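Please read the structure below before turning to the comments.
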Amino acid sequence: PPIIVWFRDDLRLSDHPALHAAATSGAPVLGLHVLDDSVGRPPGAATRWWLAQSLRALGTAIAARGGSLVLRRGPAARVIPELARESGARAVYWNGIAQAPHQAVESQLEATLAKLGVDSQTFPGDLLVPPSAIRTKEGRGLRVFTPFWRRVLSLGDPAKPLPAPKQLRPAPKIAGDVLESWRLEPGKPDWAGGLRETWTPGEASAQERLRDFLRHTAGAYVGDRDRPDREGTSGLSPHLRFGELSARQIWHAARFAAEEDPALGPGIEKFLSELGWREFCRHLLHDHPDLGSENLQANFDGFPWRRDVRALAAWQRGRTGYPIVDAGLRELWHTGVMHNRVRMVVASFLVKHLLIDWREGEAWFWDTLVDADAGSNPANWQWVAGCGADAAPYFRVFNPQLQGERFDPDGTYVRRWVPELKEMPAKLIHRPWQATPIELASAGITLGKTYPHPIIDHARGRERALAAYAKIRKG
Ligand code: FAD
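Residue 360 in UniProt numbering sits at position 354 of the sequence shown; the count goes up by one each step and never skips.
The structure is reproduced here in structure tokens:
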């Protein structure tokens with residue numbers, strides 16, 4: 007009888023502990039993915055698009071090894087026992103997800119399968135270290151990144167990645183849903199052109215990206231990672247989000263590259279610590295399942311957020327009049343990602359200059375990011391807003407003009423995403439409102455027409471933010 011391998015956020019064949027165990031047992035393997043919108047947060051539009059591509063790639067890779075991937079829709083705790091009965095499976099294997107709603111389904115499933123006499127096994131999921139291994143004396147998770155990461159490093163290397171099975175024993179044919187019937191991809195209008203241009207989802211492309219990064223980019227990572235005008239980072243986040251490669255694989259490949267070429271050392275250490283932030287966000291989500299909706303610091307509950315539908319729409323569309331902010335939001339709309347430095351700037355602009363609730367920005371990112379992650383997205387938003395774990399002090403209000411001048415000094419990034427400013431000289435491109443009428447005219451810009459006036463003056467926005475924060479600090 008076959009073993010069902012339940013694929014979730016681990017759409018890969020290599021370093022997949024559940025698949026590895028099923029394949030090495032010698033039993034026929036039946037791959038399964040369940041579309042279950044009842045568990046956790048319903049995915050946004052961009053991640054639905056990615057999921058469709060990634061499932062296609064996974065299905066092809068499994069078929070090439072002789073196996074099959076069945077698609078079913080509905081609550082996993084019901085759908086999986088049904089499939090077990092239909093296929094006569096003797097066991098169901100999966101990699102655990104350390105998030106409360108997923109763990110609840112896993113327990114429910116285990117109980118139902120046990121009643122049917124079907125074995126179930128949970129294998130290590132995609133964390134470098136389980137949350138239980140990093141606790142304070144009182145048994146709580148750590149809320150500050152640096153000691154957290156020090157503890158992770160002190161535990162030594164994570165397990166070595168497992169190889170992909172070369173061959174899978176085919177299971178008897180079982181009918182499933184046709185992927186297209188799930189309507190994960192846009193119909194009309196088709197807004198996914200930019201995503202298709204930018205990305206190739208799937209394990210093969212994830213591994214190629216990792217290799218490219220280690221070979222060409224890691225050496226300059228320390229200096230280049232903050233520069234949106236350069237290809238200075240790995241671009242691995244959506245691949246990681248869907249588990250097309252594991253954090254363990256990245257860890258070992260990166261450490262190996264640094265051993266081969268010691269000059270890569272500092273870049274690799276920094277890069278791994280960014281992977282550490284991902285881990286930190288996941289541990290936070292494990293300890294705070296409502297991270298996406300509740301302030302980690304309760305004194306923020308009375309924060310005087312403004313409701314401003316027009317300002318929010320201007321921000322979403324990249325029409326704030328601050329070039330670096332607008333470039334970021336347009337990059338996001340087109341590619342499904344935004345450079346990390348710019349994510350911080352646009353998030354700070356929304357919650358501080360516009361005084362709009364971080365949850366509004368988080369929800370927009372959730373819908374438009376291909377790497378939208380239930381841990382990293384809200385954790386970073388809360389961090390920027392000042393209500394999160396290890397948050398920056400509230401009085402740190404980014405000046406979007408200075409951020410632009412520092413991290414995009416020639417305006418290359420702005421020119422790419424805000425083409426109406428293309429002809430602006432570098433010294434003015436981050437502050438078009440200070441250009442003279444002649445300078446504007448020779449760059450072909452009419453402020454208020456071809457490009458907006460700043461939606462709010464920086465100094466005024468900053469003061470208003472500080473006054474709002476002072477109120478909750480007192481109260
Ligand atoms: P690299 O610099 O190559 O980093 C390698 C990996 O480390 C990334 O792929 C990512 O998995 C992880 N990483 C890097 N920075 C962070 C960070 N600050 N927090 C958590 N993990 C990190 N990242 C997401 O994966 N999903 C999100 O939904 C998300 N939302 C964010 C929202 C805001 C407001 C901010 C400021 C940051 C957010 N990030 C999120 C973190 C970060 O911006 C992206 O991970 C990064 O830009 C991805 O690009 P990269 O893979 O080239 O990064």
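Every residue gets a Cβ at the ideal spot worked out from N, C-alpha and C, and that includes glycine. For clarity, every value in this text was computed on a predicted model and none was experimentally measured.
Opening and closing residue of the beta strand (DSSP E) in which residue i lies
| i | result |
| --- | --- |
| Y99 | A97 to N101 |
| Q127 | D125 to F129 |
| S448 | No beta strand (DSSP E) contains S448, which is instead part of the alpha helix (DSSP H) from P443 to S448. |
| A12 | Inspection of the sequence shows that residue 12 is occupied by Trp rather than by Ala. Counting along the chain, the beta strand (DSSP E) containing W12 begins and ends at I9 to F13. |
| L148 | Per DSSP, L148 belongs to no beta strand (DSSP E) and is neither H nor E. |
| G37 | V35 to L41 |
| V76 | S74 to R79 |
For residue i, the nearest candidate out of the options (CA to CA)
| i | options | result |
| --- | --- | --- |
| P48 | A369, G282, L17 and I9 | A369 |
| I86 | Q105, L36, D396 and A58 | L36 |
| T223 | L242, P207, T206 and S211 | L242 |
| I362 | W205, Q388 and S60 | Q388 |
| K358 | P295, D416, I461 and G410 | I461 |
| A449 | R421, A139 and G73 | R421 |
| G381 | T341, L281 and L408 | L281 |
| R471 | K433, P171, V403 and A432 | Here residue 471 turns out to be Ala, not Arg, going by the sequence shown. Of the listed residues, the one whose Cα sits closest to A471 is V403. |
| S391 | N301, A264, W257 and A333 | Residue 391 is actually Ala in this sequence, not Ser. Minimum Cα distance to A391 is reached at N301. |
| R316 | S299, L356, M350 and C287 | L356 |
| T30 | V348, P192, P171 and E265 | P171 |
| L122 | A97, A139 and A104 | A97 |
| N346 | F413, K143 and S113 | F413 |
| P234 | N386, L38 and M350 | M350 |
| F248 | H22, I478 and K477 | H22 |
| A95 | L119, A264 and R149 | L119 |
| H292 | P406, A110, S74 and A259 | A110 |
| A253 | R312, L270 and A165 | A165 |
| P107 | E469, A304 and H294 | H294 |
| G199 | W55, Y475 and F277 | W55 |
| D377 | W205, G454, H39 and E112 | W205 |
| F306 | W364, F219 and P272 | W364 |
| A385 | R284, D196, Q105 and Y400 | R284 |
| D163 | N405, P425, L278 and R312 | L278 |
| A52 | P310, F371, R149 and K477 | F371 |
| L190 | I444, Q407, L57 and A447 | L57 |
| A465 | N405, E411 and K433 | N405 |
| S44 | L17, R84, R71 and F13 | R84 |
| F154 | R288, P268, E266 and A82 | R288 |
Chain-order list of residues whose beta-carbon lies under 6 Å from that of residue i (same chain, five-residue window excluded)
| i | result |
| --- | --- |
| A67 | L19 |
| L338 | M344 and T374 |
| R336 | G324 and W423 |
| L41 | R79 and W188 |
| A212 | H245, E250 and L251 |
| G334 | M344, V348 and V352 |
| D232 | R347 and F413 |
| G467 | H359 |
| V76 | L38, I180 and G182 |
Neighbourhood of residue i by C-beta distance below 7 Å, restricted to the same chain and skipping five residues each side
| i | result |
| --- | --- |
| A24 | V11, Y99, W100, N101 and F129 |
| P169 | S20 |
| P34 | P8, R175, P176 and A177 |
| E116 | S126 |
| A28 | I9, V11, V35 and Y99 |
| residue 6 | Beyond the ends of the chain as shown, which are 7 and 481, falls residue 6; an answer cannot be given. |
| V124 | A90, A95, R96, A97 and V98 |
| Q409 | I330 and V351 |
Same chain, Cβ closer than 8 Å to residue i, five either side skipped, listed in chain order
| i | result |
| --- | --- |
| L427 | P329, G417, V420, R421, I435, P438, A449, I451 and Y457 |
| G32 | R175 |
| A398 | W389, V390 and G392 |
| G271 | A264 |
Residue range of the unbroken alpha helix (DSSP H) whose run includes residue i
| i | result |
| --- | --- |
| V331 | P329 to T341 |
| M350 | N346 to S354 |
| E266 | A253 to E266 |
| W370 | W364 to T374 |
| H289 | G271 to D293 |
| I86 | A82 to S93 |
| L115 | A106 to K121 |
| V315 | V315 to R323 |
| G65 | A51 to A70 |
| A28 | P23 to T30 |
| H245 | S243 to R247 |
Residue i Cβ short of 7 Å to the ligand PLP heavy atom set
| i | result |
| --- | --- |
| R175 | Looking for the ligand PLP in the displayed structure turns up nothing; the ligands present are the ligand FAD. |
Going along the chain, which unbroken runs of the alpha helix (DSSP H) with 4 or more residues stay wholly within the region 378-432?
382-391, 406-413 and 418-423
Segments assigned alpha helix (DSSP H), at least 4 residues, entirely inside the region 167-238
199-204, 209-218 and 227-230
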